[in-house]
Structures are given as C-alpha cells and as structure tokens.
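If you're matching positions, the sequence shown starts at 391 in our numbering and goes up one per residue.
Every residue, glycine too, gets a C-beta built ideally from N, C-alpha and C.
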Amino acid sequence: MAESSQIQADTILYNGVIWRGLDDGTTEALAIWGNKVLAAGSNDEVLSLKGERTKLIDLQGQFATPGLNDAHLHLISIGLTLNWIDATPAAAPTLDSLLQAIKEQAAQTPPGTWIRARGYDQTKLDVGRHPHKSELDAVAPEHPVMVTRACGHVSIFNTAAFNLAGIDEATTVPEGGLLEQKNGVLTGMVAETAQGLVRAAIPKATTEEMIDAIDAAGNMLLSYGITSVMDAAVGMLSGFDEIRAYNLAKLRGKLPVRAWLVLLGDPGVSIVPQCHEAGLVSGVGDDMLTIGAVKLFLDGSAGGRTAWMTKPYLGDDNTTGVQILSDAELEALVLDAHGKGYQLACHAIGDAAIEQLITAYEKALAAMPDADRRHRIEHCGFSTDAQHQRMVKAGIYPCPQQVFIYDFGDAYIKVLGEERAIPSYPLKTWKELGFKPATGSDSPVCHPNPFPNIYSMLTRKTGKGTVMDAREQVTIEEALQVYTEYGAFSQKLENVKGKLVPGQVADIAVFSRNMLTATPEEILNDTQCNLTIRGGEVVFAREAQQ
C-alpha cells in the first residue's frame with residue numbers, strides 16, 4: 391500500500407472484493423481522499439487511514455469495480471425517449487401489439503400531436519417486415535407518427551407526418567438517403583439523411599427539456615454502475631444548443647455522469663464551426679464535461695440493410711447499403727477537423743465504409759502527423775484483416791458495441807449470411823492486435839444495461855443463443871477492462887479514470903454478485919448494481935444499501 395502519512399481518508403470502503411483493474415487485481419479495502427483514490431490494500435492497512443470524520447462503507451463481501459464507461463451512447467436522446475412508446479421486441483413482439491400501443495396513445499393525445507415510438511426490429515417482428523404507412527394511418531389518422539427502428543437509421547412515418555413535412559412521391563431524395571416507394575407510392579420507410587426532411591417538422595427539444603433529459607438519463611445510468619459516457623452525436627437534435635444544455639446541466643448539478651462530447655460534423659448540420667470558433671476543441675473541459683471528438687456518418691446499420699458493404703445483402707434487391715459521403719467530401723471534412731486539432735470518431739459499420747474512413751484518416755495523418763491522435767472508427771462491425779493491419783500502422787482504433795452481438799446477431803445472419811455475420815465485432819482479435827477497444831450500448835439503440843453487453847463478450851451468444859464465433863470470447867477480467875480502462879483510453883483519459891489506483895478519480899460500482907466467479911448466465915440474469923460512487927460521493931444506492 392502506498393505511504394499516506396498525515397492524511398486521513400474521507401471515505402473508506404472495506405470488507406469487499408474490489409477489482410481495481412486487470413493489472414492490479416483485487417483488494418479488500420479502498421481509501422478515498424477528496425474525489426480521488428488514496429490507497430488500497432487489506433482491511434487493516436486501509437482502516438489505519440481512518441480519522442474522526444472518515445465515512446465508512448462496509449461492502450459486506452460485495453464485488454466492486456471502477457465505474458463503468460459506456461463509450462458510445464446518446465445521452466440526451468435516452469432522456470428524451472424515456473416517454474416514447476417502447477417498440478422493442480420485448481415490449482412489442484408483434485406488429486399488432488405495436489399498432490395497439492400507438493392507437494392507445496392516439497386516443498389519449500390531442501390530434502396533431504406527434505406520437506413517437508422506438509426500438510422495433512423488423513427481423514424480430516412476427517410479420518418479418520417493417521410497418522407500413524397505411525397501418526400507422528389506420529390507428530392514428532389524426533396524429534403524425536414516427537416509429538424508429540432500434541438502430542435509429544430507419545424510421546416509418548404516416549401520412550400525417552409526411553403532410554406536415556411537405557413530403558410526397560415527387561420529393562427529391564437527398565444524397566445518402568432513402569424515401570422508399572413501391573408501385574409509385576411512399577411506403578412510410580425513410581432512411582439515413584432523408585430522415586431529416588421529415589424530422590424537421592417535429593418541434594425541437596428546448597434547452598430545459600434537454601437539461602431534464604440529461605439528468606434523467608444520467609441517473610438511470612448510475613443505477614447500472616455507469617459513471618462515464620460518450621455522447622456520440624451532440625448537435626443531432628437541437629444543434630449548438632445541446633452544448634448550452636450540457637453546460638447548464640453541469641452548472642445546476644444535473645449532470646450525473648462524466649460526459650465526453652462528440653460533435654456532429656455532417657454537412658448541413660455540423661456544429662463544428664461554432665464550437666471551433668468558441669475554442670471548444672478536443673480536450674477542452676474538466677473531468678465532468680469534456681469536448682471529445684468530431685463525428686461523421688459514413689453509412690447506416692447492418693440490420694437495417696443500410697450499412698455500406700462491398701458485397702450485396704442477401705435477397706433480391708442487390709443492395710450494398712448506403713454510402714452517405716463521397717470520397718472527396720469525406721476526405722475534405724476529415725482533413726479539416728484533423729487540422730483544427732480534433733480527434734475524430736466517425737460512424738462506419740460496413741467494410742466499404744470502414745475502407746473509406748481508414749483511407750481518409752491515413753491521408754489526414756500523412757498531411758499532419760500526430761502519433762497519438764487516436765482517431766476512432768465507431769462500431770467498425772465488419773472490418774477485415776487487411777483493414778486491421780492498416781489501422782495498427784496508422785494508430786486508428788475500433789470503438790465497438792459488443793451488445794450488438796446479443797441484440798442483433800441473428801439479424802446480421804439473416805441479412806448477410808453466416809460467413810459475413812459470424813466473425814463481426816471481433817473483440818479478442820482487436821485486443822490481441824493492441825487496439826484497446828472500448829464498449830458501449832449506443833443507447834437508445836440498445837438498452838444501456840451493461841450485463842447483456844458483458845454476457846456477449848464472455849459467450850459471443852445472441853439473445854436467441856446463437857454463438858457468433860466462440861474464438862472471439864474474452865475472460866471476465868478482460869471484459870471489465872474493456873468497460874473501464876479501455877473506455878478511458880478511447881477518450882484519452884486513461885490517466886484520469888478507468889482504474890482504482892491512487893491519483894485516479896474515485897468512481898466505483900458495487901454489484902450484487904462477484905462477476906469474477908459468476909457464470910455468464912448469472913451475470914446476465916441475476917446481477918445488479920447496488921451502489922455507485924462518483925468522485926468519492928455516493929450518487930446511487932438501492933434502498934437495501936442505504
């Protein structure tokens with residue numbers, strides 16, 4: 391234990407199994423001074439730092455880890471969608487059940503008010519297809535309706551929504567988008583950039599609504615032991631006002647989790663010029679709120695058949711997905727952000743999109759070398775061995791969401807076939823190549839509950855039990871490292887958080903079960919977070935723990 395003479399701990403956690411990090415093992419006790427870890431060791435060693443005012447927390451044998459870091463989600467969107475209709479397969483397994491939920495809300499909502507639902511997956515619906523505009527019209531003829539697929543890259547709108555937005559069969563489709571028609575009639579399906587045409591008719595969230603959303607979503611995350619997040623597209627909902635909302639939330643004590651903000655940089659909606667003018671570049675901020683990277687969308691989602699692949703999806707339409715940006719446009723945007731000092735964290739799922747992004751990163755790094763910029767590929771689901779070698783050489787990092795295997799693995803097989811789907815999101819391969827891949831939920835795409843994510847890392851099993859390449863399984867210690875230390879590394883904050891070692895912030899999650907000895911099924915089905923500490927302060931406690 392480190393020498394700490396003359397210093398008395400503010401808080402001591404003792405009588406537990408405290409996992410401090412992969413290289414640091416477990417200890418019985420931990421001392422906190424201010425907002426940081428002071429020392430760790432046996433109960434006797436650490437209790438020697440007790441003073442008159444030291445707060446003692448008896449873990450009663452419980453298991454503790456560094457606070458979890460969800461390295462890719464959408465915090466404001468989580469909060470705003472808490473009151474939407476739950477269209478996930480668990481809540482609405484059939485099309486009729488989804489339509490009934492919309493009908494019931496329409497009956498209770500004034501005509502003309504937007505009805506929104508999120509979370510359906512057409513591959514899991516009983517009908518095996520997307521809802522149709524006419525079906526939404528039948529249950530809510532007087533309300534504009536938006537039903538968003540789990541991935542967020544595809545939405546179904548009804549006639550009232552199209553009318554509000556001035557959309558019809560003659561509307562010009564923006565590049566990188568889709569307004570699906572069959573037999574010359576809109577089906578209601580809108581994908582990628584075209585979603586903005588319809589969503590423009592939805593009233594934007596106010597600053598106060600976003601502050602409340604940050605607070606509500608952050609507190610929910612604390613209940614799962616998540617103390618740090620990356621917000622993956624700040625500006626997507628309300629532009630630069632989201633930066634204002636985050637700062638006001640922090641000022642008012644309504645920012646429950648540490649937030650690393652990734653700025654939307656897509657053409658026409660980018661907030662990067664305003665942020666750069668205000669001096670908000672990568673690394674600006676403090677340990678609660680930091681400007682992170684710049685985000686560009688290169689393609690869509692695999693399950694939605696919009697991720698950009700080099701080979702067609704299964705089926706008869708011969709589609710390879712959606713390419714959102716031309717090579718020249720992407721390379722100019724990447725070079726501009728790179729030149730302004732930003733880290734980049736761009737969305738690329740299909741192998742064609744990943745190829746396009748690696749090339750753009752390589753050119754920017756060649757023009758302005760930076761050995762530790764850590765440009766990221768968000769998702770990076772269907773990368774190839776050759777691409778991995780180029781990423782290693784250039785210092786480019788994959789930032790995946792392993793819970794996609796659990797939630798969407800069977801959908802990948804259905805739309806791509808086993809040969810391409812099974813090896814996707816190759817976590818162990820990435821670790822062995824030295825990438826330090828983080829993990830996240832992409833919530834509200836997937837639920838931020840960390841246990842399905844950990845389960846998928848340990849087993850590579852989908853929710854249905856399909857094993858997606860057992861060679862990519864990792865140990866529980868490795869999975870926890872991905873959720874903590876690697877999350878911090880992805881944000882260039884590995885010296886600030888991610889491990890329970892002296893000098894790092896005292897972010898701690900206490901769980902009901904020792905995950906080091908539990909089975910994957912016990913972690914998935916029978917584990918919960920009982921206590922969360924952020925910066926040395928208890929910020930969540932289950933009633934039994936209080």
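Your pair F841 and T917 checks out as a contact, with CB atoms roughly 6 Å apart and the cut at 8 Å. Taken through DSSP and simplified to helix, strand or coil, K572 comes out as strand. Close CB contacts of W409 within its chain, under the 6 Å cut and outside five residues either way in sequence, are with T416 and T455 (chain order). Only residues of its own chain outside the window of five on either side were considered, and among them M579, V580, A581, E582, A584, T696 and V712 have a CB closer than 8 Å to the CB of L568, listed in chain order. Between L734 and A683 a beta carbon distance of about 5 Å is seen, short of the 8 Å cut, so the two are scored as contacting. Apart from sequence neighbours up to five positions away, the residues of its chain that approach E632 with a beta-carbon distance below 7 Å are I466, M600, V624 and G625, ordered along the chain.
The beta carbons of D689 and G731 sit no closer together than 9 Å.
Secondary structure remark: continuous beta strand (DSSP E) runs of at least 3 residues inside the stretch 834-917, in chain order: 898-901. Sequence-distant Cβ neighbours of I468 in its own chain, meaning closer than 6 Å and more than five residues away, are A607, S833 and P834. The DSSP-derived three-state label of M758 is coil. Between R780 and the set A757, K426 and K753, the nearest pair of CA atoms involves K753. One thing to note: K826 has its Cβ within 9 Å of the Cβ of F879. If you look at I795, you'll find it in the alpha helix (DSSP H) that goes V793 to L806. In this structure, the beta-carbon distance from A507 to I475 falls below 9 Å. Within the stretch 535-592, the runs of beta strand (DSSP E) that reach at least 3 residues and sit entirely inside it are, in chain order, 535-539, 544-547, 567-572 and 575-582.
When DSSP states are grouped into helix, strand and coil, P827 belongs to the coil group. Bridge partners of A507 according to DSSP: I475 and V537. With a threshold of 16 other beta carbon atoms within 10 Å, P521 meets it and is buried.
Residue nearest to K514 within the set G799, A869 and V857 is G799 (criterion: CA-CA distance).
Assignment of beta-bridge partners to E768 by DSSP yields H737 and C789. S467 carries a helical assignment under DSSP once its states are collapsed to helix, strand and coil.
Straight across, the Cα-Cα distance linking V671 with M678 is about 16 Å. Fewer than three beta-carbon pairs drawn from the stretch 474-494 and the stretch 892-900 are found closer than 8 Å, and the two stretches are therefore not classed as touching. Residue range T597 to L612 is occupied by the alpha helix (DSSP H) that includes E599. Around the CB of K851, 16 or more other CB atoms lie within 10 Å, so the residue is classed as buried. Between the beta-carbon of N459 and that of G888 there is about 7 Å, and that keeps the pair under the 8 Å contact cut. Between L870 and the set L446, L403, D400 and F453, the nearest pair of CA atoms involves F453. Straight-line spacing of the CA atoms in Y636 and D621 works out to 11 Å. E862 sits close to Y815, with the two beta carbons spaced by under 9 Å. DSSP places L651 in the uninterrupted beta strand (DSSP E) bounded by R648 to L654. The Cβ atoms of P646 and I604 sit closer than 9 Å to each other.
As the crow flies, the alpha-carbon of I744 is around 28 Å from that of T562. Per DSSP, L670 lies in no alpha helix (DSSP H) segment and is marked neither H nor E. DSSP, read as helix, strand or coil, puts A697 in coil. In this chain, the alpha helix (DSSP H) harbouring S487 covers L485 to Q498.
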